[in-house]
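One structure below.
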Amino acid sequence: IQLSVPTGVPFYLSCPVDSHHASYKWEYNQKSIPCQQTQSECLLLIPAMTNDMYGNYKCTSNELDYTRIVKEYNLFYSHFNDASNDAFKLRAQD
1 IQLSVPTGVP
11 FYLSCPVDSH
21 HASYKWEYNQ
31 KSIPCQQTQS
41 ECLLLIPAMT
51 NDMYGNYKCT
61 SNELDYTRIV
71 KEYNLFYSHF
81 NDASNDAFKL
91 RAQD
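If you count by full-length UniProt numbering, then the sequence shown holds residues 1 to 94, one letter each, in order.
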């Protein structure tokens, strides 16, 4: 999924939790990021987008010896004049 995101805004990515027996995490720049897990979603909370946060994000699940990519996003820069407005929030889903 390609997403255009302005800098300086709060943002979050979500992926569905299909199995409560699996462990979920986000991967970005070959680093593992724990998710904020709700009963139905694995969330990656970004308080404010910065230039070094653009790129590919993968939500993966691991259960026993099986790992799969549940959701994948490519975040890229978008110019938005009111990015400093704290009321502006984005949410990525599907």
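C-beta atoms are modelled at their ideal positions from N, C-alpha and C, and glycine is treated no differently.
Own chain, CB closer than 7 angstroms to Q36, minus 5 neighbours either side, in chain order: Residue mapping note: residue 36 aligns to position 36 of the sequence shown, counting from 1. The beta carbon of Q36 sits closer than 7 angstroms to those of L43, L45, all from its chain and outside the five residues before and after it, given in chain order.
Could you tell me which of D18, L3, S19, H20 sits nearest to Y12, measuring between CA atoms? On the sequence shown, position 12 is the one that residue 12 refers to. Nearest C-alpha to Y12 among D18, L3, S19, H20: L3.
Is N56 helix, strand or coil by DSSP? If you number the sequence shown from 1, residue 56 lands on position 56. Per DSSP, reduced to three states, the secondary structure at N56 is strand.
Quick one: give me the first and last residue of the beta strand (DSSP E) that I69 is part of. The sequence position of residue 69 within the sequence shown is 69, counting from 1. 66–77 is the span of the beta strand (DSSP E), which, as asked, contains I69.
Helix, strand or coil for N62 per DSSP? Looking up residue 62 in the sequence shown gives position 62. Strand, per DSSP.
Relative to the alpha-carbon of Q39, which residue among H79, N62, S14, H20 has its alpha-carbon at the smallest distance? Sequence index remark: in the sequence shown, residue 39 carries index 39 (1-based). With distances taken between Cα atoms, Q39 lies closest to H20.
Candidates I1, C15, Y24, V9: which alpha carbon is nearest S61's? To locate residue 61, count along the sequence shown from 1; it is residue 61. Of the candidates I1, C15, Y24, V9, the residue whose Cα lies closest to the Cα of S61 is Y24.
Between C15 and the rest of its own chain, which residues show a CB-CB distance below 6 angstroms, the 5 nearest in sequence each way excluded? Residue mapping note: residue 15 aligns to position 15 of the sequence shown, counting from 1. Excluding residues within five positions, the ones whose Cβ falls inside 6 angstroms are C42, C59, V70, K71.
Going by beta carbon distance, what residues of the same chain come within less than 8 angstroms of residue 98, once the five residues before and after it are set aside? In the structure displayed, the chain extends from 1 to 94; residue 98 sits before or after that span and is not available.
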